[in-house]
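Counting from 681, one number per residue, gives the positions in the sequence shown under the working numbering.
We put the beta carbon where it would ideally sit given N, CA and C, even for glycine.
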Amino acid sequence: VSALAPYQGDSVIVGSNLSYYVNETTDVALNYHFSSADYSQGNETTGLPLGLDYHWHQALLSVGRNFQKGVKGRLGYAFSDYHEPYSAGLNDYRSHGVFASVQFVWN
Numbered sequence: 681v682s683a684l685a686p687y688q689g690d691s692v693i694v695g696s697n698l699s700y701y702v703n704e705t706t707d708v709a710l711n712y713h714f715s716s717a718d719y720s721q722g723n724e725t726t727g728l729p730l731g732l733d734y735h736w737h738q739a740l741l742s743v744g745r746n747f748q749k750g751v752k753g754r755l756g757y758a759f760s761d762y763h764e765p766y767s768a769g770l771n772d773y774r775s776h777g778v779f780a781s782v783q784f785v786w787n
């Protein structure tokens with residue numbers, strides 16, 4: 681019996697974006713991303729328990745505004761949830777973030 685099982689597995693990645701233009705100067709955007717992989721080897725009893733198994737959700741909600749010609753701003757909130765079933769919670773996390781950006785465009 682080999683200590684290392686052949687490396688094989690499956691992964692799924694899904695993303696979606698939704699934008700809504702409130703008026704000529706304001707927009708709202710919602711982005712969602714899901715990623716999952718199962719590369720766990722299942723050989724804990726005969727060898728090394730290698731391989732990754734995870735589920736990751738990310739969501740982002742933002743509001744953009746054109747203040748004047750060449751000046752745009754965006755304010756957003758981000759949420760992320762990551763889980764590895766076989767890490768006993770060691771690598772799991774849940775995060776929240778707020779961000780702001782300003783873009784200057786010169787013609």
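Rounded to whole angstroms, the Cβ separation of Ser-691 and Tyr-766 is 16 Å, and the two are not in contact under 8 Å.
When the beta-carbon positions are compared, Ser-760 and Ser-742 stay at least 8 Å from each other. Note on geometry: alpha-carbon atoms of Asp-718 and Gly-769 lie some 17 Å from one another. Taken through DSSP and simplified to helix, strand or coil, Ser-715 comes out as strand.
Assignment of beta-bridge partners to Gly-695 by DSSP yields His-713. By the Cβ-count criterion, Tyr-734 is buried, with 16 or more other Cβ atoms from all chains shown falling within 10 Å of its own Cβ. Per DSSP, the unbroken beta strand (DSSP E) holding Asn-746 starts and ends at 733–748.
It is roughly 10 Å from the alpha-carbon of Tyr-712 to the alpha-carbon of Ala-758.
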